[in-house]
Amino acid sequence: MSAVTRATTQLAIIGGGPAGLIAAEVARAAGIQVDLYEGKGSVGRKFLLAGKGGMNLTHAEPKADFVQRYGARAKEIGRWLEDFDADALRTWARELGVETFVGSSGRVFPSDLKAAPLLRGWVHRLRENGVRFHVHHRWLGWTDDQALRFATADGERHVQASAVVLALGGGSWPQLGSDGSWQPWLAARGVDVASMQPSNCGFDIGWSEHLVRRFAGAPLKPVVAHWQDGAQIEHARQGECVLTATGIEGSLIYPLSAHLRDAITQHGHATLQLDLAPDRTLERLERELAKPRGSHSLSDHLRRHTGLTGVKTALLHELLSKEQLHDSKTLARTIKRLPLRLKQARPLAEAISSAGGVRLEAMNDSLMLRALPGVFCAGEMLDWEAPTGGYLLTACFASGRRAGLGAVDWLKSLITTP
């Protein structure tokens with residue numbers, strides 16, 4: 001068995017995602033010795049994955065609207081964003097030599113749409129400024145004498161740190177390092193941790209084999225989603241989604257995932273209604289569908305009078321009986337409000353992000369754990385969630401910065417305390 005090696009540092013940051021990297025940046029700028037530990041062979045893996053479809057850094061909508069995207073945690077995260085908001089993130093990128101632009105949806109992207117150049121320049125600057133990186137260091141919790149335990153290729157390593165920032169990620173995309181394995185170690189030390197749940201995810205419905213065989217992967221566009229929130233208030237949103245082998249997912253579904261997931265938890269299922277023909281009124285559909293079909297098939301009749309084809313027509317056949325399909329009023333109403341019964345969210349490992357984690361009430365305003373003085377937490381391992389569109393990444397940056405500055409203040413207090 002390999003011998004245990006030992007080391008010491010002022011500040012140990014565990015996790016090489018954006019939250020951990022920005023914490024390292026602000027702490028090193030304050031003159032703190034920083035060692036950053038990452039379980040994988042390189043940092044920023046999920047950051048790079050997020051950039052594959054175009055690196056969405058943040059969003060350009062008004063600040064008041066931006067903050068509300070964080071739902072139940074808007075008040076707390078709003079305080080983080082007072083110190084580091086979307087504009088500050090764009091300025092930070094510009095200082096790394098990366099210009100940004102606002103897309104038609106309000107989302108903000110690097111001018112080249114890529115994550116790799118930004119991450120590469122950032123890590124280079126951190127190294128130049130003295131941040132010491134330790135990859136292939138998988139955190140295992142603490143020893144009895146409060147040292148940090150790491151599994152490495154050369155055996156176990158123990159690190160005594162005066163302060164710690166944990167930026168370990170949530171529970172989604174475990175293959176990239178965010179596997180939630182840290183939860184029992186914190187819970188065992190009295191930290192209040194909410195169980196992880198999928199967020200920005202798809203949902204299972206349970207299609208017929210025929211529908212799956214012919215239309216799995218087919219886009220549904222444009223459609224309007226109708227749903228009720230927890231207060232039974234009606235909402236509607238237009239967009240696109242995708243029919244999957246098990247149910248439905250996509251950019252229209254992800255922002256609704258918290259409402260739908262919570263409804264399933266409360267009622268055992270959630271109902272989502274889709275308007276398959278948003279450019280036509282119910283009255284027009286009823287009038288058009290009541291016209292004689294003659295020798296035309298139902299599919300041809302739908303195409304000629306409603307514009308529906310392919311997967312939209314297939315969904316009507318999936319959910320309606322033969323008699324209902326031939327009732328023009330029922331058919332028209334279903335086209336405007338196709339009812340989908342969602343059974344469950346897709347597994348956490350498939351989700352874009354996660355809800356749950358360290359409850360914000362378990363930390364002070366500097367994101368230090370009340371149960372573990374000198375230990376700070378940041379990023380997706382905290383109990384908050386937000387839709388895609390740059391909101392997730394912005395809050396990760398803002399929380400990492402706050403935790404890093406909190407660690408700086410803590411370390412300074414140790415020096416000045418008699």
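Residue numbers (this note's numbering): 1 to 418. No residue lacks a Cβ here, since even glycine has one placed at the ideal position from N, Cα and C. Computed from a prediction, not measured in an experiment: that's the story for all the values here.
Item, Value
"Considering only the beta carbon of each residue, do Gly44 and Leu119 sit closer than 8 Å?", "yes"
"Return the Cβ separation of Ala258 and Arg157 in integer angstroms, given the expectation that the two are a contact with Cβ distance under 8 Å.", "The Cβ separation is near 39 Å, so there is no contact."
"Classify Ala398: buried if its beta carbon has 16 or more other beta carbons within 10 angstroms, exposed otherwise.", "buried"
"I think Ala12 touches Val164, with their Cβ atoms under 8 Å apart; what is that distance to the nearest whole Å?", "5 Å"
"Report yes if the CB atom of Ala378 is closer than 8 Å to the CB atom of Ser172, and no otherwise.", "no"
"Helix, strand or coil for Tyr70? Go by DSSP, reduced to three states.", "coil"
"Compute the Euclidean distance between the alpha carbons of Ala50 and Gly41, then round it to the nearest angstrom.", "18 Å"
"Taking the alpha carbon of Phe376 as the point to measure from, which residue in Ala362, Pro387 and Trp384 has its own alpha carbon closest?", "Ala362"
"What residues in its chain sit with their C-beta under 8 Å from that of Leu360, if we drop five residues either side in the sequence?", "Arg73, Glu76, Leu382, Asp383 and Trp384"
"Which residue marks the beginning of the beta strand (DSSP E) containing Ile13, and which one marks its end?", "Thr5 to Ile14"
"Can you tell me the Cα-Cα spacing of Val102 and Glu240, whole angstroms?", "21 Å"
"Would you check if the distance between the CB atom of Val358 and the CB atom of Val191 is smaller than 8 Å?", "yes"
"So, for Met368: in the same chain, excluding its five sequence neighbours on each side, which residues have a beta-carbon less than 6 Å away from its beta-carbon?", "Phe376 and Gly406"
"Secondary structure at Pro198, three-state DSSP: helix, strand or coil?", "strand"
"Helix or strand or just coil, what does DSSP make of Glu99?", "coil"
"Tell me the rounded alpha-carbon separation between Thr309 and Ala270.", "26 Å"
"Measuring alpha carbon to alpha carbon, tell me which residue in Thr330, Arg346 and Ala345 is nearest Pro339.", "Thr330"
"Taking a contact to mean a Cβ-Cβ separation below 8 Å, would you say Gln175 touches Ile264 in this structure?", "no"
"For Gly53, which option in Val408, Leu414, Thr388 and Gly400 has the closest C-alpha, if you only look at C-alpha atoms?", "Thr388"
"Would you kindly work out how many angstroms separate the C-alpha atoms of Lys312 and Ser104, rounded to a whole number?", "27 Å"
"Taking Thr334 as the reference, which of Ala371, Ala277, Leu243 and Leu186 has the closest Cα?", "Ala277"
"Please specify which runs of the alpha helix (DSSP H), each continuous and at least 4 residues long, are wholly inside the region 275-307, giving them in chain order.", "282-289 and 298-306"
"Who are the near neighbours of Asn364 in its chain, counting only those whose CB is closer than 7 Å to its CB and skipping five residues on each side?", "Arg370"
"Look at the alpha carbon of Asp179 and the alpha carbon of Thr91, and state the distance between them as a whole number of angstroms.", "32 Å"
"Using only CA atoms, which one of Val135, Asp154 and Val159 lies nearest to Asp497?", "In the structure as shown, the chain begins at 1 and stops at 418. Residue 497 is therefore absent and cannot be evaluated."
"Of the residues His226, Gly17 and Ser111, which one's Cα is nearest the Cα of Ile253?", "His226"
"Tell me, which residues are paired with Leu211 by DSSP?", "Answer by DSSP bridge pairing: none, since Leu211 is not bridged."
"Three Cβ pairs or more, each shorter than 8 Å: is that satisfied between the region 126-141 and the region 77-86?", "no"
"Tell me whether Leu21 sits in a helix, a strand or coil according to DSSP, three-state version.", "helix"
"Where Leu315 and Leu211 are concerned, what is the direct C-alpha to C-alpha distance, given to the nearest angstrom?", "8 Å"
"Go to Asp35, then tell me how far its beta strand (DSSP E) extends in each direction, as first and last residue.", "Val34 to Tyr37"
"Taking DSSP as the reference, what is the three-state secondary structure of Met1?", "Because the pLDDT of Met1 is 46, which lies under 50, any placement of that residue in the model is unreliable, and the number read from its coordinates should be weighed accordingly. It is coil, neither helix nor strand."
"Hey, out of Ser208, Asp83 and Ser181, whose CA is closest to His195's CA?", "Reading off the sequence, residue 195 comes out as Ser, not His. That would be Ser181, whose Cα lies nearest to the Cα of Ser195."
"Please report the distance separating the alpha-carbon of Ala93 from that of Gly121.", "10 Å"
"Can you check whether the CB of Leu57 is closer than 8 Å to the CB of Leu89?", "yes"
"In the region 352-384, which residue ranges form an unbroken beta strand (DSSP E) of at least 3 residues, counting only runs that do not cross its ends?", "353-358 and 375-377"
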